[in-house]
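If you're matching positions, the sequence shown starts at 4 in my numbering and goes up one per residue. From the three backbone atoms N, C-alpha and C, an ideal C-beta is built for every residue, glycine too. Down below is the structure, laid out as structure tokens.
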Amino acid sequence: MENINFILPEIFISLGIMFLLMLGVFKKNSAGIVYTLSVVVLLITLGLIINFPSDQEIYLFNNSYKIDQLSTFMKIITIISGIFVLISSYKYTKIEKIFKIEYSILILCSILGMLVMISSYDLIVFYIGLELQSLSLYVLAAFNQNQTKSSEAGLKYFVLSALSSGLLLYG
């Protein structure tokens, strides 16, 4: 049970994703609210990561998850980059008319996969994080349904990632 405290940032992002999905489903025209709350979720996660003491190496879940200074630093960089991506893509999504609740939620899912990959100390945990990130990025690559290049990019990315994922999984 004490392992839960160490993965609190990942749990918070997961709960934030679920809450934002529920908010988007039950409240009409909530893309702006979901977008803003996605940035708030990342800011709170950044606070959780910064306030966590990382002066020693911590191994969790039968040595498959490791938290140390390097992983904490990389998580901070990842969260800051995610905040920057959400803020900088706000105007672009409005211009391209792809301003939907799914966009920010997919970015949060991708960031969650990145955080899992950063702290993984076992190949299966790394693979789970990689797939969580990749599945979100497949959809983001094909998110703009008005352009055929977007659908083509999503399909190419899916085929290439499925092939490389199979090679990684089966050796």
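Proximity to residue i [Cα-Cα], best of the options
i      : options                          : result
Ile108 : Ser17, Leu11, Asn6 and Pro12     : Ser17
Thr75  : Glu155, Ile121 and Leu126        : Ile121
Ser57  : Ser92, Asn8 and Tyr93            : Asn8
Ser67  : Val119, Ile101 and Gln136        : Val119
Asp125 : Leu111, Tyr62, Ala144 and Ile14  : Tyr62
Val162 : Gly35, Thr81, Tyr141 and Ile98   : Tyr141
Met77  : Ile98, Ser123 and Phe64          : Ser123
Leu73  : Ile53, Leu158 and Ile90          : Ile53
Glu105 : Lys94, Lys97, Leu143 and Lys159  : Leu143
Gly19  : Gly157, Lys31, Ser91 and Val42   : Val42
Ser164 : Gln150, Asn149, Ile14 and Ser139 : Ser139
Gln150 : Thr48, Phe64, Phe29 and Glu99    : Glu99
Thr81  : Lys30, Tyr95, Lys97 and Gln136   : Gln136
Same chain, Cβ closer than 7 Å to residue i, neighbours up to 5 away in sequence not counted
i      : result
Leu40  : Leu23
Phe102 : Ala34 and Thr96
Same chain only: Cβ atoms within 8 Å of residue i, ignoring 5 sequence neighbours per side
i      : result
Gln59  : Asp71
Val88  : Ile110
Leu172 : Tyr130
Ile79  : Leu49, Ile52 and Ile53
Residue i - DSSP class collapsed to helix/strand/coil
i      : result
Ser57  : coil
Ser84  : helix
Lys31  : coil
Ser123 : strand
Asn149 : coil
Glu2   : Absent from the model: residue 2. The displayed extent of the chain is 4 to 174, so no value can be given.
Gly116 : helix
Ile104 : helix
Ser137 : helix
Gly169 : helix
Ile92  : Per the sequence shown, residue 92 should be read as Ser rather than Ile. Residue state, collapsed to three classes: coil.
Ile10  : coil
One or two residues paired with residue i in a DSSP bridge
i     : result
Tyr62 : Lys69
Cβ neighbours of residue i in the same chain (closer than 6 Å, five flanking residues each side left out)
i      : result
Gly85  : Leu45 and Ile114
Ser153 : Ala145 and Asn147
Gly174 : none
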